[in-house]
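Below is the structure:
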């Protein structure tokens, strides 16, 4: 299999999750999430030959995603106007103002968390298994479970004061 074919498969299998992780990290800000997701796949392309199979491919990809999210926040920000009205991604997606408001509130609450906690909860919401999250973040399984419990409690208090 060529590098291009391998990359295409990786992109098809992981793009949606990478984008959602970035969107969660950047508090629902689509532009920053798109930019960062593109950076992630550029890095994957550049370093695909160096992947050593010491961990799952998905773990390697999510580690790159975490690093890109953290690096993106360190870059000098450029002030820009943000179009805040939601536009559905496809014709199939129904606009639900109640769900949209809940989603905005959840992103606002996630945005109040520390950077590491935002990454962790975004991976939890993506359904990534705890052992893989522990590997990506470099914390023990027990520590991770405690952190996730505390993060969920903070979010619960924020969403339903």
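Numbering (full-length UniProt numbering), first residue to last: 1 to 161. All C-beta atoms, glycine included, are put in the ideal place defined by N, C-alpha and C. The structure displayed is predicted, hence computed values, not measured ones.
Leaving out the 5 sequence neighbours to the left and right, which residues in its chain are closer than 7 Å to residue i when beta-carbon positions are compared?
| i | result |
| --- | --- |
| residue 48 | 3, 6, 7 |
| residue 105 | 159 |
| residue 25 | 69, 118, 119, 122 |
| residue 153 | none |
Leaving out five residues on either side along the sequence, give the residues of the same chain with a beta carbon under 8 Å from the beta carbon of residue i.
| i | result |
| --- | --- |
| residue 19 | 33, 34, 37 |
Buried or exposed for residue i, please, with buried defined as at least 16 other CB atoms from any protein chain shown within 10 angstroms of its CB.
| i | result |
| --- | --- |
| residue 11 | exposed |
| residue 50 | exposed |
| residue 146 | exposed |
| residue 115 | exposed |
| residue 144 | buried |
| residue 52 | exposed |
Based on Cα-Cα distance, which residue from the options lies nearest to residue i?
| i | options | result |
| --- | --- | --- |
| residue 69 | 44, 39, 53 | 39 |
| residue 128 | 101, 72, 9, 17 | 17 |
| residue 126 | 42, 46, 53, 58 | 58 |
| residue 133 | 60, 154, 46 | 60 |
Mind reading off the beta-carbon distance from residue i to residue j? Whole number of angstroms is fine, and I expect it under 8 Å.
| i | j | result |
| --- | --- | --- |
| residue 121 | residue 110 | 6 Å |
| residue 167 | residue 148 | Absent from the structure is residue 167, since the part of the chain shown begins at 1 and ends at 161. |
| residue 131 | residue 141 | 6 Å |
Going along the chain, which residues of its own chain have a beta-carbon closer than 6 Å to the beta-carbon of residue i, five neighbours each way excluded?
| i | result |
| --- | --- |
| residue 15 | none |
| residue 28 | 107 |
Run through the UniProt domain "HTH luxR-type" (127-154) for me and flag every whole alpha helix (DSSP H) of 4 or more residues, listed as ranges in chain order. At a cut-off of 4 residues, the continuous stretches assigned as alpha helix (DSSP H) that sit fully inside the UniProt domain "HTH luxR-type" (127-154) are 130-137.
Which runs of the alpha helix (DSSP H), 4 residues or longer, sit entirely within the segment 19-61? Taking only runs of at least 4 residues, the alpha helix (DSSP H) segments lying wholly in the segment 19-61 are 30-47.
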